[in-house]
Amino acid sequence: MKWAGLILTAMFVTAVIGVLEAAEPVSANPGSIVWNFECHTHSHPSLTDLTDNEIRAEMDAVDNAFTAHGLLTPKHHAYPGGGHDDRVEAIIAEYRFSGRMVWGVQNTYPINDWFKLKAAQLKKSTPLSKIQGWMDDCIADDALLVILTHDVKANPTVYGCTPERLHQSLDYAIEKQNAGLLEVVTIADAYDYWSTASEGKAMVVFTFDDCWVTDYENVYFMFKDHGVSGTSYIITGAIENDAWDDTANRLTWAMIEEMSADNTPPVISNVASSDITGTSAKITWDTDELSDSVVNYGTTTALGSTESDNAMVKSHSITLTELSENTTYYYEVQSTDPSSNTAVDDNNGSYYTFTTTITDTTPPAAPTGLTATAVSHSRIDLDWNNNTEEDLSHYHVYRSTTSGFNCDNSTFLDEATVSDYPDTSVDDNTTYYYKVTAVDTSSNESDPSNEANATTPEAPSGPTMHVLRIDMELLLLGQSYQGKAIVYIVDENDDPVPTATVYGHWEGIVPSGTQEKATDGDGVAPFWSGKVKSPPSGSVFIFFVDNVAKDGWTYDPASNGETSDNIATP
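In terms of numbering that gives the first Met the number 0, the sequence shown is residues 0 to 569.
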């Protein structure tokens, strides 16, 4: 989806609120609440009308103004009035990483010319559905979507939008971000990824032209509360109180410095310890912004040991290892954001604690009563007695074609969580030997069970059939109830098998002898129980399939979807 928009100008005018002394440049590393800045030029001319030296003078004026106020210079540019060509782009490239006009909807991988970036215009009249469509296309194409608007206030200009519409757009973007489908980033974040990436990635940049005071009041805090950042364009001539000083409703350097700087440390929450063993423990916590992970810990409140992870995340996890058994440890957690703001949570000076366990080295008892039954040429069912240990985790099943085998990696078959196991990886006409062990939550493994064996029969030479399913119905005839079972017979490809004879019987409230029915063209055979007058509530009709026969076919009960089913009276 593409569209052509107007090439818009941006008039950034502000009232100067005193002379600010030069300071050390603040960090431009984009943390979760750091605002990025882009620029137009100093006096906002169409750059194609200027000489090379005049263009450089405009850019130098912008950079000098930022430096004088202790800020790093912007790294991205928008062309005033849309005026740009190859000559202009070459000069802008001496100062900036990218240049942008209002045209189209998204930038797809690879971005071949960073000085021809496109942006979608969010106007007062733009419906929410269209904005959501931009983002959906961005996700589908793994694209970079830059959304541009101007003033954000209750009654915006034609090229601005209301706080409500911006909030709706941001909510939709963050919903998709939380689902892992896209990322809401600044233009600097997008450049850092896309300029070196080997593939596209769905990213959305919200950028605000002109930088009105209402943008600061409505936009900056809206994004900050959501834990994401936006991008703003500026014109330094407006800030310096030059020709663009047509209103006092513009951002000042003081506001820009506040938006540029991240002086707020992460907020730490949900500190917890888990997965505690005799020698290890996992420490987890959350922060409201991207930050690194540090755990200081020890056997006294002096701590003394540290584990860390430099990855910038919001959900933190550090596993402490080589701990002593049956020992209480004290710990605190620490996180530092990309702007070097550090937060420490020591549980209000009391420190968090956990106590390691005593390592369990006692294995469970060996399982007993193992039996093996060949139910078909392709399946052997195993069954054994339940182990009763409270710390039982699972069972290991071992198999060999040789009696007296050892339980090791070469004979390990599978893991089971219950005391039975269907082995469907067997060959026909083969004898298999089995043993089972029990494993507890400390990974202690028992001695093997008794050995059991079974021999699979030869595979049938003709086609096979089985019960796909049994559907149950309850019929009310006056005051009497009658059960109905509908049996579906299919072949190995789940295609219906007609003219097969199904043998079955009823149990429950109306037992019956053997009944037989032939399947119709759809492989269906219906059975009816006897009638019961006014049965008690909850009376059960149960139907069992005993056998299925057809000349030249083999019944394979091991493949049955079900062999019996039931239905109860209301």
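Positions of the beta carbon are idealized from the N, C-alpha and C atoms, including for glycine.
Note that this is a predicted model, so its numbers are computed, not measured.
Counting C-beta neighbours from all protein chains within 10 Å, is the total for residue i 16 or more, i.e. buried, or is it exposed?
{"i": "glutamate 20", "result": "With a pLDDT of 34 at glutamate 20, under the threshold of 50, the predicted position of this residue should be treated as unreliable, though the coordinate-derived value follows. The residue in question, glutamate 20, is exposed, as its Cβ has fewer than 16 Cβ neighbours within 10 Å."}
{"i": "proline 79", "result": "buried"}
{"i": "valine 535", "result": "Correcting the residue identity first, residue 535 is proline in this sequence and not valine. Proline 535 is exposed by the Cβ-count criterion."}
{"i": "threonine 327", "result": "exposed"}
{"i": "glutamate 331", "result": "buried"}
{"i": "threonine 40", "result": "buried"}
{"i": "leucine 476", "result": "exposed"}
{"i": "valine 294", "result": "buried"}
{"i": "glycine 199", "result": "buried"}
{"i": "glutamate 389", "result": "exposed"}
{"i": "serine 259", "result": "buried"}
{"i": "proline 265", "result": "buried"}
{"i": "lysine 584", "result": "It is not possible to answer for residue 584, since the shown part of the chain is limited to 0 through 569."}
{"i": "alanine 310", "result": "exposed"}
{"i": "glutamine 478", "result": "exposed"}
{"i": "alanine 453", "result": "buried"}
{"i": "valine 157", "result": "exposed"}
{"i": "arginine 95", "result": "buried"}
{"i": "threonine 513", "result": "exposed"}
{"i": "glycine 520", "result": "exposed"}
{"i": "alanine 242", "result": "Here alanine 242 scores only 47 on pLDDT, less than 50, and its place in the model should not be relied on; the value that follows carries that caveat. So alanine 242 ends up on the exposed side."}
{"i": "asparagine 28", "result": "With a pLDDT of only 37 at asparagine 28, under the threshold of 50, the placement of this residue in the model should not be trusted, and no figure is reported."}
{"i": "alanine 64", "result": "buried"}
{"i": "valine 343", "result": "exposed"}
Quick one: is residue i near chain D, going by C-beta distance under 7 angstroms?
{"i": "cysteine 38", "result": "In the structure shown, chain D cannot be found, because there is only a single protein chain."}
If residue i and residue j are in contact, beta carbons under 8 angstroms, what's the gap, nearest whole angstrom?
{"i": "aspartate 439", "j": "proline 556", "result": "In fact, because the Cβ distance is near 36 angstroms, the residues do not count as touching under 8 angstroms."}
{"i": "glutamate 57", "j": "serine 42", "result": "7 angstroms"}
{"i": "cysteine 137", "j": "valine 203", "result": "6 angstroms"}
{"i": "valine 466", "j": "glycine 551", "result": "Their Cβ separation, rounded to whole angstroms, is 19 angstroms, which puts valine 466 and glycine 551 out of contact at 8 angstroms."}
{"i": "threonine 436", "j": "histidine 395", "result": "5 angstroms"}
{"i": "valine 501", "j": "isoleucine 488", "result": "6 angstroms"}
{"i": "serine 441", "j": "threonine 358", "result": "7 angstroms"}
{"i": "glutamate 450", "j": "serine 402", "result": "7 angstroms"}
{"i": "threonine 463", "j": "threonine 553", "result": "5 angstroms"}
{"i": "alanine 189", "j": "leucine 143", "result": "6 angstroms"}
{"i": "alanine 38", "j": "tyrosine 232", "result": "At residue 38 the sequence reads cysteine, which differs from the alanine that was named. Indeed they touch by this definition, with Cβ atoms about 7 angstroms apart."}
{"i": "leucine 167", "j": "leucine 127", "result": "Looking at the sequence itself, residue 167 is glutamine, so the reference to leucine does not match. With 8 angstroms as the limit, glutamine 167 and leucine 127 qualify as a contact, their Cβ atoms being about 5 angstroms apart."}
{"i": "phenylalanine 222", "j": "valine 151", "result": "That pair is no contact at about 11 angstroms."}
Can you check which of these residues, the options, is closest to residue i by C-alpha distance?
{"i": "alanine 517", "options": "Val547, Pro109, Asp427, Asp446", "result": "Val547"}
{"i": "phenylalanine 323", "options": "Asp336, Ser279, Tyr433", "result": "Checking the displayed sequence, the identity of residue 323 turns out to be serine instead of phenylalanine. Of the candidates Asp336, Ser279, Tyr433, the one whose C-alpha sits nearest the C-alpha of serine 323 is Ser279."}
{"i": "glutamine 105", "options": "Leu147, Glu93, His393", "result": "Leu147"}
{"i": "tryptophan 34", "options": "Tyr394, Phe220, Glu88", "result": "Phe220"}
{"i": "phenylalanine 540", "options": "Ile566, Pro525, Glu515", "result": "Ile566"}
{"i": "glycine 529", "options": "Ser273, Phe542, Val509", "result": "Val509"}
{"i": "arginine 99", "options": "Tyr192, Ala77, Asp344", "result": "Ala77"}
{"i": "glutamate 491", "options": "Glu444, Trp527, Ser558, Ile91", "result": "Ser558"}
{"i": "serine 314", "options": "Thr354, Val270, Asp345", "result": "Val270"}
{"i": "aspartate 564", "options": "Val489, Asn262, Leu473", "result": "Leu473"}
{"i": "proline 456", "options": "Asn428, Ser339, Thr206", "result": "Asn428"}
{"i": "lysine 434", "options": "Val425, Phe411, Asp426", "result": "Phe411"}
{"i": "alanine 201", "options": "Leu70, Ala139, Thr463, Ile54", "result": "Ala139"}
{"i": "serine 526", "options": "Gly520, Leu70, Ser538, Ser511", "result": "Per the sequence shown, residue 526 should be read as phenylalanine rather than serine. The option with the nearest alpha carbon to phenylalanine 526 is Ser511."}
{"i": "threonine 276", "options": "Thr335, Glu256, Thr356, Thr305", "result": "Thr356"}
{"i": "valine 61", "options": "Leu180, Ile91, Thr47", "result": "Ile91"}
{"i": "glycine 103", "options": "Pro73, Val145, Asn154, Met254", "result": "Val145"}
{"i": "leucine 71", "options": "Asp407, Ala373, Trp252, Ser445", "result": "Trp252"}
{"i": "serine 334", "options": "Gly348, Leu289, Ala365, Ser349", "result": "Leu289"}
{"i": "serine 460", "options": "Gly482, His376, Val212", "result": "His376"}
Name, in chain order, the residues that DSSP records as bridge partners for residue i.
{"i": "lysine 516", "result": "Val501"}
{"i": "arginine 398", "result": "Tyr433"}
{"i": "methionine 120", "result": "Inspection of the sequence shows that residue 120 is occupied by glutamine rather than by methionine. Answer is Leu147."}
{"i": "cysteine 38", "result": "His76, Ile233"}
{"i": "tyrosine 94", "result": "DSSP output for tyrosine 94 lists no bridge partner at all."}
{"i": "threonine 553", "result": "Thr463"}
{"i": "valine 448", "result": "Sequence inspection shows serine at residue 448; the valine mentioned does not correspond to that position. DSSP output for serine 448 lists no bridge partner at all."}
{"i": "glycine 507", "result": "Phe540"}
{"i": "isoleucine 469", "result": "Val486"}
{"i": "tyrosine 329", "result": "Gly297, Thr352"}
{"i": "tryptophan 527", "result": "Lys483"}
{"i": "alanine 548", "result": "Thr500"}
{"i": "tyrosine 420", "result": "Leu381"}
{"i": "asparagine 106", "result": "Leu143"}
Going by the C-beta, is residue i closer than 6 angstroms to any heavy atom of the ligand MN?
{"i": "tyrosine 190", "result": "Within the structure as shown, the ligand MN is missing, as the structure has no ligands at all."}
Within the stretch 247–285, note down every full alpha helix (DSSP H) run reaching 4 residues or more, in order along the chain.
252–259
Pick out the complete beta strand (DSSP E) segments inside the stretch 135–170, 3 residues or longer, and give them in chain order.
Complete beta strand (DSSP E) runs here, min 3: 143–148.
Ordered list of beta strand (DSSP E) runs contained in the stretch 175–248, each at least 3 residues:
182–184, 202–207, 230–233
Ignoring anything shorter than 3 residues, give me the beta strand (DSSP E) runs that lie fully in the stretch 341–367, in order along the chain.
341–344, 351–354
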